[in-house]
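Scroll down for the structure; my scribbles are underneath it.
Protein chains in written order, with the working numbering: chain A, 1 to 393; chain B, 394 to 653.
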């Protein structure tokens, strides 16, 4: 059994490309070319070079001594927060902008929720001198003003999504509609392991650098490529997909996925898709999603804008359903507390998304000789206002 | 009602020696219980076929007008069950072909077979599900649709390859929904040379299924352009805009303005 994607574009029963015919040529062009392009030596060379010199990879695998002492286990942090633009998102946007260039595309569109993927996309578009349009929910534009300013400073046009709930899912809808209207010259840089096949697989492959580095870094430090656990937060699931990728089929390595429970799983304000979701179709993919009995997609809630998505990528739906990964839900309060703890024990202020992953240590006990790798997917600068309000700093 | 009768309503209509006008509206809009009244009014106004939109929270292929009517219909309380109960006696008063157009997720949640069975009981003739891919339909759902006498209508666009159009033609059993241009619904205000040559290119393929053009038809002029080569045309956004202004009172004025 494999937990990776099959030839038809499915992870188990999840995935596929449930798209209107209008999108078929675009998605099919990508499907036919993405593996070929990624295998080209010149692509690999350019991708690797940019990850090294522009993004600053490899990101350190840091042994968190004080955190480890507190929880009497061995905790390593994969420092994606140290990447250029402050999160793992840029690994994917670098890959996709190179892909877009090779496909001859001259216009880039993207969706963004909190603005992290929007900034990472605007960044690589500036780097390559390609026109960039980012769709963002009207409500998020007001909530995330600094990232809107960053995107504009980088030369991107930020278009408000005015439909539906005017947040991430609607920004994604608007980006898809833009792609329908501009099928020839445009590439859509999706920010997570969601959307129609081949997006979940392509994004996972670009993020796979994370687990590839963990393997050799851990070998250097512990003499083994295999941790006992890999922990990552999951919204759409791109940082988790990257951290799991090279361990997917190695069941010696246990995978823990951390979802946002918001104000409590059953509070009506939550984004815990594995618990609250059912199988269905969202943004072209068959996966688990939060919806009404009638199949209308519902609006999730989390204090973390990056986890505030009503579905999960099909890889994660499969990891959940097959039991390969353990899913744990963490509330806003638990996450914020864990973020404060990491700040004061290790001198690292994490993004609130990543704080959810750190809250696992209060929920689950690890053995003293367990090696636990946790993906610190982003830095907390963007969340300072939230931390200030929460802790009355 | 037998399968044959169902199959024939769309196919018989397609045999008529005239250009067909089909109208789309979002069920539950403007008001939750307008559905039957709109359908009856449309039939009285010489419309040939009706697409009843099953509202969805995230209509990817639709422009602002249909999005807004869909959102409002959901706010009004429309659900799949309510739509079916509104339509339960529709065949007592309406005889033109009725098609349900909706996105796949609500149908999947209802249960594809249960949905199709219900459609047959009511007298629905076909379905248009833009985000149900052709191959998935072919492999997983075709036999269910056929069992309940439902025609599944597929879309083609100016970007669809000739080879794929031939394939879609081979598995279609009613008509092909020909999307006029690279656009979401309600996106254009007229057709240029590019569309006209696309319409002609498709006509020249001599497909076994007639084509009905949708997206961007809003006036008598665009209706004529669209049907110069194709068998008919579908109007959605423009009709919904008309409903916005006039509610249900002047439906025949709208259809007359298109057909005159």
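Note that CB positions come from ideal geometry on N, CA and C, so glycine has one too.
The model shown is predicted, which means the values in this text are computed figures rather than measured ones.
In chain A, which residues lie with their C-beta within 8 Å of the C-beta of residue 497/B?
Here the question's residue 497/B lines up with position 104 in the second chain. Those within 8 Å of residue 497/B in chain A are 18 and 281.
What residues in its chain sit with their C-beta under 6 Å from that of residue 97/A, if we drop five residues either side in the sequence?
The sequence position of residue 97/A within the first chain is 97, counting from 1. Excluding sequence neighbours, residue 97/A sits near 124 and 128.
Going by Cα to Cα distance, which pick from 402/B, 530/B and 414/B is closest to residue 616/B?
As a first step, residue 616/B is located in the second chain; it is residue number 223 there, counting from the start. For residue 616/B, the nearest C-alpha among the options comes from 414/B.
Whole-angstrom distance between residue 36/A and residue 290/A, CA atom to CA atom:
Translated into positions along the first chain, residue 290/A becomes position 290. Translated into positions along the first chain, residue 36/A becomes position 36. When rounded, the distance between both Cα atoms is 35 Å.
Give a yes or no on whether the minimum CB-CB distance between residue 583/B and chain A is below 8 Å.
Residue numbering aside, residue 583/B sits at position 190 when the second chain is read from its first letter. False, the Cβ-Cβ gap to chain A never drops below 8 Å.
Here's the rule: buried if 16 or more other CB atoms are within 10 angstroms of the residue's CB, otherwise exposed. What is residue 392/A?
Within the first chain, residue 392/A is the residue found at index 392, counting from 1. Exposed: under 16 other Cβ atoms inside 10 Å.
Nearest CA to the CA of residue 58/A: which residue from 201/A, 78/A and 73/A?
Residue numbering aside, residue 58/A sits at position 58 when the first chain is read from its first letter. Comparing Cα positions, the closest option is 78/A.
Looking at the structure shown, is residue 114/A part of a helix, part of a strand, or coil, going by DSSP?
Position 114 of the first chain holds residue 114/A. The answer is coil: DSSP assigns residue 114/A none of H, G, I, E or B.
Residues that residue 575/B contacts on chain A, provided the C-beta gap is smaller than 9 Å:
Within the second chain, the letter at position 182 stands for residue 575/B. Residues of chain A passing the Cβ test: 22, 180, 181, 182, 183 and 184.
Just to confirm before moving on: does the CB-CB distance between residue 378/A and residue 49/A stay below 8 Å?
The residue labelled residue 378/A in the question sits at position 378 within the first chain. The residue labelled residue 49/A in the question sits at position 49 within the first chain. No, they are not a contact pair.
If contacts are defined as beta-carbon pairs under 8 Å, then residue 175/A and residue 135/A qualify, I think. What distance do you get, rounded to the angstrom?
As a first step, residue 175/A must be located in the first chain, where it is residue number 175. As a first step, residue 135/A must be located in the first chain, where it is residue number 135. The Cβ separation is near 5 Å, so the contact holds.
Thinking residue 634/B and residue 428/B are a contact (beta carbons under 8 Å), I'd like their distance in whole angstroms, please.
Start at 1 with the first residue of the second chain, and residue 634/B comes out as number 241. Start at 1 with the first residue of the second chain, and residue 428/B comes out as number 35. Actually they are not in contact, since the Cβ atoms of residue 634/B and residue 428/B sit about 18 Å apart, beyond 8 Å.
List the residues that DSSP assigns as beta-bridge partners of residue 418/B.
Your numbering for residue 418/B matches position 25 in the second chain. Paired residue(s): 445/B.
Within 8 Å, strictly: CB atoms of residue 489/B and residue 442/B
Position 96 of the second chain, counted from the first residue, corresponds to residue 489/B. Position 49 of the second chain, counted from the first residue, corresponds to residue 442/B. Yes, the Cβ-Cβ distance between residue 489/B and residue 442/B is below 8 Å.
To the nearest angstrom, how far is it from the Cα of residue 395/B to the Cα of residue 448/B?
Counting from 1 along the second chain, the entry for residue 395/B is found at position 2. Counting from 1 along the second chain, the entry for residue 448/B is found at position 55. For residue 395/B, the predicted structure reports a pLDDT of 45, less than 50, and the residue's modelled location is therefore unreliable. A value from the coordinates is still provided. For residue 395/B and residue 448/B, the distance between alpha carbons rounds to 28 Å.
For residue 644/B, the three-state DSSP class (helix, strand or coil):
Taking the first residue of the second chain as position 1, residue 644/B is located at position 251. Looking at residue 644/B - three-state DSSP - the assignment turns out to be helix.
Using a Cβ-based criterion (distance less than 7 Å to any ligand heavy atom), does residue 366/A qualify as near the ligand ATP?
What this structure holds is no ligand at all, so the ligand ATP is not there to describe.
Using the C-alpha atoms, what's the distance from residue 651/B back to residue 613/B?
Reading the second chain from its first residue, position 220 is the one you call residue 613/B. Reading the second chain from its first residue, position 258 is the one you call residue 651/B. Approximately 4 Å between the Cα atoms of the pair.
Mapping DSSP to helix, strand and coil, what is residue 71/A?
Counting from 1 along the first chain, the entry for residue 71/A is found at position 71. It is helical.
I need the straight-line Cα distance from residue 41/A to residue 47/A, nearest angstrom please.
Here residue 41/A corresponds to residue number 41 of the first chain, with the count starting at 1. Here residue 47/A corresponds to residue number 47 of the first chain, with the count starting at 1. Rounded to whole angstroms, residue 41/A to residue 47/A spans 10 Å at the Cα level.
Closest Cα partner of residue 154/A within the set 133/A, 369/A and 168/A
To locate residue 154/A, count along the first chain from 1; it is residue 154. Comparing Cα-Cα distances from residue 154/A to each of 133/A, 369/A and 168/A, the minimum goes to 133/A.
Is the CB of residue 297/A under 8 Å away from at least one CB in chain B?
Locating residue 297/A in the first chain gives position 297, where the first residue counts as 1. Chain B contact via Cβ: present.
Can you find a C-beta in chain A that's less than 8 Å from the C-beta of residue 580/B?
In the second chain, the residue the question calls residue 580/B occupies position 187. So, interface residue.
Please compile the residues from chain A whose C-beta is within a distance smaller than 7 Å of the C-beta of residue 549/B.
What you label residue 549/B is simply residue 156 of the second chain in a count that begins at 1. Those within 7 Å of residue 549/B in chain A are 21.
Determine which residues of the region 242-267 of chain A have a Cβ less than 8 Å from any Cβ of chain B, and write them out in chain order.
none
Would you check if the region 180-190 of chain A and the region 101-111 of chain A touch, i.e. whether three or more CB-CB distances between them fall below 8 Å?
yes
Since residue 309/A and residue 235/A should fall inside the 8 Å C-beta cutoff, what is the C-beta to C-beta distance between them, to a whole number of angstroms?
In the first chain, residue 309/A corresponds to position 309, counting from 1. In the first chain, residue 235/A corresponds to position 235, counting from 1. So it is a contact: roughly 5 Å between Cβ atoms.
CB contact check: residue 169/A to chain B, cutoff 8 Å:
Sequence index remark: in the first chain, residue 169/A carries index 169 (1-based). Closer than 8 Å: yes.
C-beta atoms of residue 627/B and residue 611/B nearer than 8 Å:
Taking the second chain and counting its residues from 1, the one referred to as residue 627/B is at position 234. Taking the second chain and counting its residues from 1, the one referred to as residue 611/B is at position 218. Contact flag unset, no.
Whole-angstrom distance between residue 328/A and residue 402/B, CA atom to CA atom:
Position 9 of the second chain, counted from the start, is the residue given in the question as residue 402/B. Position 328 of the first chain, counted from the start, is the residue given in the question as residue 328/A. Near 53 Å, if we compare the C-alpha coordinates of residue 328/A and residue 402/B.
Endpoints, alpha helix (DSSP H) assigned at residue 95/A:
Here residue 95/A refers to the residue found at position 95 when the first chain is read from its first residue. 89-102 is the extent of the alpha helix (DSSP H) around residue 95/A.
Consider the Cβ of residue 501/B: report whether some Cβ of chain A lies at a distance smaller than 8 Å.
Counting from one through the second chain, the residue named residue 501/B turns up at place 108. Taking Cβ atoms only, chain A reaches closer than 8 Å to residue 501/B, which makes this a yes.
Less than 8 Å between the C-beta atoms of residue 396/A and residue 376/A, yes or no?
No information on residue 396/A is available, as it lies outside the stretch 1 to 393 that chain A covers here.
For residue 550/B, which residues of its own chain have a beta-carbon under 7 Å away from its beta-carbon, when the five flanking residues on both sides are left out?
Reading the second chain from its first residue, position 157 is the one you call residue 550/B. Closer than 7 Å at Cβ, skipping near neighbours: 572 and 575.
Quick check: what's the CA-CA separation for residue 287/A versus residue 653/B?
Position 287 of the first chain holds residue 287/A. Position 260 of the second chain holds residue 653/B. Cα to Cα, residue 287/A sits roughly 48 Å from residue 653/B.
Select from 350/A, 307/A and 33/A the residue whose C-alpha is nearest the C-alpha of residue 167/A.
Mapped onto the first chain, residue 167/A falls at position 167. Ranking the options by Cα distance to residue 167/A, first place goes to 307/A.
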